[in-house]
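Chemist: Can you read through this structure? Questions will come right after.
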Amino acid sequence: MKLIFYLSVLVGTFFSASSAVQKEDHAPYLVYLKSHFNPCVGVLIKKNWVLAPAHCYLPNLKVMLGNLRVRVRDGTEQTINPINIVRYWNYSHSYPQDDLMLIKLANPANNSHKVQPLALATSDVRPGTVCLLSGLDWSQDNSGRHPDLRQNLEAPVMSDKECQKTEQGKSHRNSLCVKFVKVFSRIFGEVAVATVICKKKLQGIEVGHFMGGDVGIYTNVYKYISWIENVTKDT
Ligand SMILES: *[C@@H]1O[C@H](CO)[C@@H](O)[C@H](O)[C@H]1NC(C)=O
Ligand SMILES: *[C@@H]1O[C@H](CO)[C@@H](O)[C@H](O)[C@H]1NC(C)=O
Ligand SMILES: *[C@@H]1O[C@H](CO)[C@@H](O)[C@H](O)[C@H]1NC(C)=O
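According to mature numbering (1 follows the signal peptide of the UniProt record, and there is no 0), the residues represented by the sequence shown are -20 to -1, 1 to 215, in order.
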């Protein structure tokens, strides 16, 4: 199994250079997939299931929910072991396609204001829709390996046709593309914009090595709904 870390670092972020205080955004569905390898983000979709990119199938994976800040504890922190991981049946490491897996948690997550499952897409999203990119970032006083801050940004979804014309989009299928609209001023990684949420539904999830220029490529979650429902149905 290839464990190459495709942290395609993008120069900049949506915050202005002068922004001082990073406050935590509301994104209670985001989970941090902690391992000895690359940082990864998943989404709590049921109390005991997490949807994540398949390239995040890493040794010693732990699912961390709630507050991720180490120095400030607030009682919402939960660390749960996976009990089963199901990768999408057509996933292959050599292709960026079908980069999805489902992680069954050994214990159900306890809901709180910082831990809530997110509903899955019920239809394709219309091009031009402005969606929320939700992900994890490193707060200023955190120089460690693990991100500790939830962050949300807005970005419009591109049409398939527009996406296929881009360098990154043309080699993908079942993908959802977003256009980063703001000017970048800081370095951050893929985990910072790991998910696309439109009208409070999960529409896209990060694929490995997905950013370049001002375009982000995501797995179109709606195309996989029947597989997700089938795998998670009895629990
Ligand atoms: C959820 O809450 C119960 C009851 O307080 C507790 O026993 C359990 O450990 C909690 N689960 C997690 C994952 O923290
Ligand atoms: C499975 O994946 C391969 C390579 O990624 C692709 O060529 C093929 O079309 C996929 N099959 C289906 C049924 O999606
Ligand atoms: C649902 O999952 C089962 C067990 O993996 C499989 O045999 C079956 O074909 C799946 N059904 C659908 C509709 O995908």
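Beta carbons: idealized from backbone N, C-alpha and C, even for Gly.
How about the stretch 194 to 212 and the stretch 151 to 158: do they share at least three Cβ pairs that are nearer than 8 Å?
Modeler: yes
Chemist: Please list the terminal residues of the continuous alpha helix (DSSP H) segment that includes K141.
Modeler: Residue numbering aside, residue 141 sits at position 161 when the sequence shown is read from its first letter. First-last of the alpha helix (DSSP H) with K141: 140 to 144.
Chemist: So does residue 284 have its beta carbon nearer than 7 Å to some heavy atom of ligand 1?
Modeler: What is shown of the chain runs -20 to 215, which leaves residue 284 out entirely.
Chemist: Name the DSSP beta bridge partners of A99, please?
Modeler: Residue mapping note: residue 99 aligns to position 119 of the sequence shown, counting from 1. A99 is bridged to K181.
Chemist: How many angstroms separate the CA atom of C143 from the CA atom of V211?
Modeler: One-based indexing of the sequence shown puts residue 143 at position 163. One-based indexing of the sequence shown puts residue 211 at position 231. Distance between the alpha carbons of C143 and V211 is about 30 Å.
Chemist: Rounded to the nearest angstrom, how far is the Cβ of residue 216 from that of Y9, given a contact under 8 Å?
Modeler: The first residue shown for the chain is -20 and the last is 215, placing residue 216 beyond what the model contains.
Chemist: Which whole-angstrom value is the C-beta distance of L116 and V171, which I expect to be below 8 Å?
Modeler: As a position in the sequence shown, residue 116 is number 136, starting the count at 1. As a position in the sequence shown, residue 171 is number 191, starting the count at 1. The C-beta distance from L116 to V171 rounds to 5 Å, short enough to meet the 8 Å contact threshold.
Chemist: Please confirm whether any heavy atom of ligand 3 lies closer than 7 Å to the CB of W207.
Modeler: Reading the sequence shown from its first residue, position 227 is the one you call residue 207. True, at least one ligand heavy atom lies under 7 Å from that Cβ.
Chemist: Mind reading off the beta-carbon distance from V60 to L24? Whole number of angstroms is fine, and I expect it under 8 Å.
Modeler: Start at 1 with the first residue of the sequence shown, and residue 60 comes out as number 80. Start at 1 with the first residue of the sequence shown, and residue 24 comes out as number 44. In the sequence as displayed, the identity of residue 60 is Ile instead of Val. The pair is not a contact, with the Cβ atoms about 10 Å apart (cut-off 8 Å).
Chemist: Taking the alpha-carbon positions, what's the V66 to W207 distance?
Modeler: As a first step, residue 66 is located in the sequence shown; it is residue number 86 there, counting from the start. As a first step, residue 207 is located in the sequence shown; it is residue number 227 there, counting from the start. Using only the alpha carbons, I get a separation of about 11 Å.
Chemist: Roughly how many angstroms separate the alpha carbons of I205 and S119, rounded to a whole number?
Modeler: Your numbering for residue 205 matches position 225 in the sequence shown. Your numbering for residue 119 matches position 139 in the sequence shown. Across the structure, I205 and S119 are spaced so that their CA atoms are roughly 34 Å apart.
Chemist: Can you tell me whether N70 is helix, strand or coil according to DSSP?
Modeler: Working through the sequence shown from its first residue, we reach residue 70 at position 90. Three-state result, N70: coil.
Chemist: Can you name, in chain order, every residue of its own chain whose Cβ lies under 6 Å from the Cβ of K203, other than the five neighbours on each side?
Modeler: Numbered from its first residue, the sequence shown carries residue 203 at position 223. Around K203: N154.
Chemist: Among C36, D140, V30, whose alpha-carbon lies nearest the alpha-carbon of V187?
Modeler: One-based indexing of the sequence shown puts residue 187 at position 207. Looking at the Cα atoms, C36 is the closest of the given residues.
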